[in-house]
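Worksheet: one structure, shown below.
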Amino acid sequence: MAQSVGKCDVLIAGFGPVGAALAVYLGRLGISVIAVDRDTEVYPMPRAAHLDHETMRLLHLAGGAEAGMQINELELAREIGEAEERWLELEMLREEIGA
Ligand SMILES: Cc1cc2nc3c(=O)[nH]c(=O)nc-3n(C[C@H](O)[C@H](O)[C@H](O)COP(=O)(O)OP(=O)(O)OC[C@H]3O[C@@H](n4cnc5c(N)ncnc54)[C@H](O)[C@@H]3O)c2cc1C
3 MAQSVGKCDV LIAGFGPVGA ALAVYLGRLG ISVIAVDRDT EVYPMPRAAH
53 LDHETMRLLH LAGGAEAGMQ INELELAREI GEAEERWLEL EMLREEIGA
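Here this note's numbering is used: the first residue of the sequence shown is 3, the next is one more, and so on.
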């Protein structure tokens with residue numbers, strides 16, 4: 003059954019990063035927004051592991067740059083850990099084959 007969600011100036015179809023950013027920036031300008039998405043579940047994979055400087059500037063404007071930095075640092079730590087594991091495996095393989 004259709005549900006009434008009220009009135010707004012802008013209706014955003016799609017609540018991915020573009021829709022979410024648009025909702026934040028329009029909201030900051032005092033424009034009332036409703037954002038909807040066809041998906042009812044959060045996407046199961048991380049999709050903000052690497053953020054470039056432009057994205058960080060936009061996050062900063064939206065007030066979320068610190069959270070973005072933490073995500074980047076966690077991902078960097080994970081990648082360094084994986085690289086160290088791979089390096090150790092390679093060293094063990096070298097020893098095994100006497101290279
Ligand atoms: C596994 C993975 C990892 C990634 N990692 C990174 C990363 O580390 N850094 C990075 O910068 N980028 C990453 N990306 C890319 C990033 O996720 C995309 O560039 C970004 O999501 C695009 O945002 P968007 O809002 O344009 O589209 P989307 O994220 O696709 O959002 C569109 C939304 O609109 C909804 N929608 C579509 N049609 C309708 C409709 N008719 N009605 C209602 N809702 C609708 C969809 O359900 C979706 O939620 C990754 C992508 C994947 C798949």
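Cβ coordinates follow ideal geometry from the N, Cα and C atoms, glycine included.
- Here the alpha carbons of Gly-8 and Ala-50 stand approximately 32 Å from one another.
- Rounded to whole angstroms, Glu-97 and Glu-87 show a C-alpha spacing of 16 Å.
- Taking a 10 Å sphere around the C-beta of Ala-101, we find fewer than 16 other C-beta atoms and assign the residue as exposed.
- Around the beta carbon of Ala-37, 16 or more other beta carbons sit within 10 angstroms, so the residue counts as buried.
- With 16 or more other CB atoms across the displayed protein chains lying within 10 angstroms of its CB, Leu-61 is buried.
- When DSSP assignments are scanned along the region 45-79, no uninterrupted stretch of beta strand (DSSP E) that is 3 or more residues long falls wholly within it.
- For Leu-31, the secondary structure class from DSSP, reduced to helix, strand or coil, is coil.
- Shown here, Ala-101 sits in coil according to DSSP, grouped into three states, outside any helix or strand.
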